[in-house]
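Novice: Just so we're aligned, residue 32 is where the sequence shown starts under our numbering, counting upward by one.
All residues carry an ideal CB built from backbone N, CA and C; glycine is no exception.
None of the values given here were measured: they were computed from a predicted structure.
Input: one structure, supplied below.
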Amino acid sequence: MFHDNNVQTFELGNRIIITDPTAKVCFSVNSEYYKKCDLNNNNNPISKILKEQRSIHKSYDTGINKIHSVYLFITRECNLSCSFCSMRSNVKSTDVYKQKLTSEQVKRKVIPFLKTVNPHRFIVSGGEPFTNTDLCQILNNLKENFPLSDISVQTNGLLLTEQVVQTIEKSVSRLEISTAHFEDKFDQLENILSTLKRYGIDSALSFVFNQNMDSLEKVLDIAEKYNADLLLNFISPDGSALDSNMKIMSSEEKLVVYEQIAQYILDKGYNNQKFADIFFQRVRAKTGCGALSSTIVIFPDGNMYPCHSLEIPELRIGNITEDPLKLNKRMKEIYCSKFSQSLFNVKLKEPCKKCQLRFVCGGFCGANQYHGIDCDCNLQKVLLVFDLLFFDANKTMLNNLENFTNYVKDKKYIGYLAN
Ligand SMILES: C[S@@+](CC[C@H](N)C(=O)[O-])C[C@H]1O[C@@H](n2cnc3c(N)ncnc32)[C@H](O)[C@@H]1O
Ligand code: SF4
Ligand code: SF4
32 MFHDNNVQTF ELGNRIIITD PTAKVCFSVN SEYYKKCDLN NNNNPISKIL KEQRSIHKSY
92 DTGINKIHSV YLFITRECNL SCSFCSMRSN VKSTDVYKQK LTSEQVKRKV IPFLKTVNPH
152 RFIVSGGEPF TNTDLCQILN NLKENFPLSD ISVQTNGLLL TEQVVQTIEK SVSRLEISTA
212 HFEDKFDQLE NILSTLKRYG IDSALSFVFN QNMDSLEKVL DIAEKYNADL LLNFISPDGS
272 ALDSNMKIMS SEEKLVVYEQ IAQYILDKGY NNQKFADIFF QRVRAKTGCG ALSSTIVIFP
332 DGNMYPCHSL EIPELRIGNI TEDPLKLNKR MKEIYCSKFS QSLFNVKLKE PCKKCQLRFV
392 CGGFCGANQY HGIDCDCNLQ KVLLVFDLLF FDANKTMLNN LENFTNYVKD KKYIGYLAN
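Set out below in structure tokens:
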């Protein structure tokens, strides 16, 4: 036993997993080795590793004042109407959808507030952000004021001409392009990617799986060809998908998709490290998803929340028109409130309280919990167990993928799901 309240350990297979969620440290040692180690002696090898890992992570401040990511939803307007849209941008019946953040508001209100929290990363999204004619100016303002931060834009790509790409080239590091609407016009998607490549902007293809395996394979081929990341998502119960009670796939159904896509990558021999992120996560210790420690979301009406999927009064931090100091104070109150903690802090989350994987998982989605959706996290467990017990950093991506498909086929994860 460690005599350190920050350290949590658990046994998984033949390994002891050692975590310090406050310092985001996680590593594992062989169980036999752990049992033989004299943890009362301060100089024992395991405590030494812990100390080293903590000092590596020390620069990574996890305090409330260190916001790492800011989501800036600059409009709800969209030129498409995806049935599953998490922003309900396909519902055009109310004035809400006419609200937009202007470059003037961003310059005069958003940036002065964000200067007090100094984020590392911006995700500019919507609705379709390119329908907001102030977008380029907003991006330039952000880059001027936060030159070291990464700026990504989430877009459906339909308004991306070469001229537009030229105007955002200097401010944006990455475009995340959703692909659902390119099903019968992948040439158009390829044209966009080749333009981005010419201008040195990184690209990622976001694919929402909706029983469309052929399209997923096609998008994967295109990602390989243009060296783009692939973000594989399943419809989440959010926005219009939640309103219309769309079918949400079970963990078992999602795992079949993972298995098929892994096999496709193996058959094609795509030894692309970028695809590793679909299957393997770098395991870190955590106490939540980020909503209570590192994320701020700003909506088109200027209201701010810790989570992009929960715009509810109990979580409203305030509006960007308010005094930055007042907003900072309110942010701390919201983040520390019992209500927020019960939704976002894995130590207090009802479905996760007894799960041994809780400090490496971060817990069941707080928005889904709020909406009363059952916690179906077997897929997350299957992936985490592979990362903790079977992933080998010294092997190639394809070797690990082959082991992953065997692990899934042979159901080697079965014994670990109940814990
Ligand atoms: C809401 S969209 C906004 C930006 C832009 N219009 C686009 O489509 O990329 C941001 C991302 O969320 C994804 N998305 C939307 N609704 C979703 C849902 N219910 N479940 C999972 N992903 C969803 C989209 O595919 C897209 O990649
Ligand atoms: S997912 Fe994106 S492209 Fe589709 S309706 Fe929503 S905002 Fe528009
Ligand atoms: S694996 Fe499931 S039960 Fe365990 S912490 Fe994650 S979401 Fe909660």
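If you follow the beta strand (DSSP E) that Ala-417 is in, where does it begin and where does it stop?
Specialist: Walking along the sequence shown from the start, residue 417 turns up at place 386. In the sequence as displayed, the identity of residue 417 is Phe instead of Ala. Phe-417 -> no beta strand (DSSP E), and no H or E assigned at all.
Novice: Can you tell which of Gln-400, Ser-267, Val-391 and Lys-440 has its C-alpha closest to the C-alpha of Thr-50?
Specialist: Start at 1 with the first residue of the sequence shown, and residue 50 comes out as number 19. When only C-alpha atoms are compared, the closest one is Val-391.
Novice: According to DSSP, simplified to helix, strand and coil, what is Val-439?
Specialist: Translated into positions along the sequence shown, residue 439 becomes position 408. Val-439: helix per DSSP, three-state reduction.
Novice: Measuring CB to CB, does Leu-429 end up less than 8 angstroms from Asn-258?
Specialist: Reading the sequence shown from its first residue, position 398 is the one you call residue 429. Reading the sequence shown from its first residue, position 227 is the one you call residue 258. Going by C-beta atoms, Leu-429 is not nearer than 8 angstroms to Asn-258.
Novice: Report the three-state DSSP secondary structure of Asn-276 (helix, strand or coil).
Specialist: Here residue 276 is taken as the residue at index 245 of the sequence shown, counted from 1. Note: Asn-276 maps to coil in three-state DSSP.
Novice: Count Cβ pairs between the segment 157 to 164 and the segment 182 to 193 that sit closer than 8 angstroms; are there 3 or more?
Specialist: Contact between the segment 157 to 164 and the segment 182 to 193 is present, because at least three Cβ pairs lie under 8 angstroms.
Novice: Taking 7 angstroms as the cut-off, is the C-beta of Asn-163 nearer than that to any heavy atom in ligand 1?
Specialist: Locating residue 163 in the sequence shown gives position 132, where the first residue counts as 1. No - ligand 1 has no heavy atom lying nearer than 7 angstroms to the Cβ of Asn-163.
Novice: Between Thr-53 and Asn-72, which are expected to be in contact by the criterion C-beta below 8 angstroms, what is the C-beta distance as a whole number of angstroms?
Specialist: Within the sequence shown, residue 53 is the residue found at index 22, counting from 1. Within the sequence shown, residue 72 is the residue found at index 41, counting from 1. About 23 angstroms; that fails the 8 angstroms criterion.
Novice: Nearest-angstrom Cα distance between Ala-254 and Glu-433?
Specialist: As a position in the sequence shown, residue 254 is number 223, starting the count at 1. As a position in the sequence shown, residue 433 is number 402, starting the count at 1. So the alpha carbons of these two residues sit roughly 20 angstroms apart.
Novice: How do the segment 143 to 155 and the segment 122 to 133 stand: do at least 3 beta-carbon pairs fall below 8 angstroms, yes or no?
Specialist: In short, these stretches do not touch, since the Cβ pair count stays below three.
Novice: Using DSSP with H/G/I as helix, E/B as strand and the rest coil, what is Ile-95?
Specialist: Position 64 of the sequence shown, counted from the start, is the residue given in the question as residue 95. With a pLDDT of only 47 at Ile-95, under the threshold of 50, the placement of this residue in the model should not be trusted, and no figure is reported.
Novice: Is DSSP giving Thr-226 helix, strand or coil here?
Specialist: As a working mapping, residue 226 is identified with position 195 in the sequence shown. Note: Thr-226 maps to helix in three-state DSSP.
Novice: Could you tell me whether the segment 364 to 375 touches the segment 394 to 413, where touching means 3 or more Cβ pairs closer than 8 angstroms?
Specialist: In short, these stretches touch, since the Cβ pair count reaches three.
Novice: Just confirm the distance between the C-beta atoms of Gln-294 and Thr-436, as a whole number of angstroms; I'd bet it's less than 8 angstroms.
Specialist: For the purposes of this step, residue 294 is taken as the residue at position 263 of the sequence shown. For the purposes of this step, residue 436 is taken as the residue at position 405 of the sequence shown. Right, the Cβ-Cβ distance comes to about 6 angstroms (below 8 angstroms), so this counts as a contact.
Novice: What number of angstroms, rounded off, separates the C-alpha of Glu-14 from the C-alpha of His-99?
Specialist: The shown model of the chain, from 32 to 450, leaves out residue 14, and the question about it has no answer.
Novice: Under a Cβ-count criterion, where at least 16 other Cβ atoms within 10 Å of its own Cβ denotes burial, should Thr-210 be classed as buried or exposed?
Specialist: Residue mapping note: residue 210 aligns to position 179 of the sequence shown, counting from 1. Buried, by the Cβ-count rule.
Novice: What ranges does the beta strand (DSSP E) occupy inside the segment 248 to 276, keeping only unbroken runs of at least 3 residues that lie completely in it?
Specialist: Those beta strand (DSSP E) runs which fall completely within the segment 248 to 276 and span 3+ residues are 260 to 265.
Novice: For a test of the three-state rule: what should DSSP assign to Glu-42, helix, strand or coil?
Specialist: Here residue 42 is taken as the residue at index 11 of the sequence shown, counted from 1. Strand, per DSSP.
Novice: How long is the line joining the alpha carbons of Phe-421 and Tyr-128, rounded to whole angstroms?
Specialist: Translated into the one-based positions of the sequence shown, residue 421 becomes position 390. Translated into the one-based positions of the sequence shown, residue 128 becomes position 97. So the two alpha carbons sit approximately 47 angstroms from each other.
Novice: Output the residues surrounding ligand 2, defined as those with a CB atom closer than 6 angstroms to any ligand heavy atom, in chain order.
Specialist: Every residue passing the under-6 angstroms Cβ criterion appears here: Cys-109, Leu-111, Ser-112, Cys-113, Cys-116, Met-118, Ser-120, Asn-121, Gly-157, Gly-158, Glu-159, Asn-187 and Ser-209.
Novice: Sorted by chain position, which residues of the same chain lie with C-beta nearer than 6 angstroms to Ser-451's C-beta, five sequence neighbours on each side aside?
Specialist: The requested residue 451 does not occur in the structure, where the chain is confined to residues 32 to 450.
Novice: Since I believe Val-155 is in contact with Leu-236 (beta carbons under 8 angstroms), could you give me their beta-carbon distance rounded to a whole number of angstroms?
Specialist: What you label residue 236 is simply residue 205 of the sequence shown in a count that begins at 1. What you label residue 155 is simply residue 124 of the sequence shown in a count that begins at 1. Contact flag wrong, Cβ pair sits at about 18 angstroms.
Novice: Please report the distance separating the alpha-carbon of Ser-180 from that of Val-101.
Specialist: The residue labelled residue 180 in the question sits at position 149 within the sequence shown. The residue labelled residue 101 in the question sits at position 70 within the sequence shown. If I take the Cα positions, the gap works out to 11 angstroms.
Novice: In three-state terms, what does DSSP make of Ser-78?
Specialist: Your numbering for residue 78 matches position 47 in the sequence shown. DSSP places Ser-78 in helix when its eight states are reduced to three.
Novice: Quick one: give me the first and last residue of the alpha helix (DSSP H) that Ala-398 is part of.
Specialist: Walking along the sequence shown from the start, residue 398 turns up at place 367. Looking at the DSSP string, the run of the alpha helix (DSSP H) that includes Ala-398 is 397 to 401.
Novice: Taking DSSP as the reference, what is the three-state secondary structure of Thr-198?
Specialist: By 1-based counting over the sequence shown, the position of residue 198 is 167. Thr-198: helix per DSSP, three-state reduction.
Novice: Measuring only the C-alpha atoms, how far is Leu-455 from Phe-240?
Specialist: Residue 455 lies beyond the stretch modelled for the chain, which goes from 32 to 450, so this question has no answer here.
Novice: Taking the straight line between their C-alpha atoms, what separation do you get for Gly-333 and Arg-85?
Specialist: The residue labelled residue 333 in the question sits at position 302 within the sequence shown. The residue labelled residue 85 in the question sits at position 54 within the sequence shown. Answer to the nearest angstrom: the Cα atoms are 38 angstroms apart.
Novice: Find out if the Cβ-Cβ distance for the pair Ala-398, Asp-269 is shorter than 8 angstroms.
Specialist: Position 367 of the sequence shown holds residue 398. Position 238 of the sequence shown holds residue 269. Result yes, Cβ atoms of Ala-398 and Asp-269 sit closer than 8 angstroms.
Novice: Using 8 angstroms for Cβ pairs, my map puts Asn-264 next to Phe-238. What's the rounded Cβ distance?
Specialist: Within the sequence shown, the letter at position 233 stands for residue 264. Within the sequence shown, the letter at position 207 stands for residue 238. Right, their Cβ atoms sit about 7 angstroms apart.
Novice: How many whole angstroms separate the CB atoms of Ser-117 and Ser-267, which I take to be in contact at a CB cut-off of 8 angstroms?
Specialist: Against the sequence shown, residue 117 aligns to sequence position 86. Against the sequence shown, residue 267 aligns to sequence position 236. Confirmed, Cβ separation roughly 7 angstroms.
Novice: Alpha carbon to alpha carbon, how far is Glu-381 from Asp-245?
Specialist: Against the sequence shown, residue 381 aligns to sequence position 350. Against the sequence shown, residue 245 aligns to sequence position 214. Approximately 39 angstroms between the Cα atoms of the pair.
Novice: Okay, do the segment 103 to 112 and the segment 304 to 323 touch, 3+ Cβ pairs below 8 angstroms being the bar?
Specialist: Touching, no, given that fewer than three Cβ pairs across the two stretches are closer than 8 angstroms.
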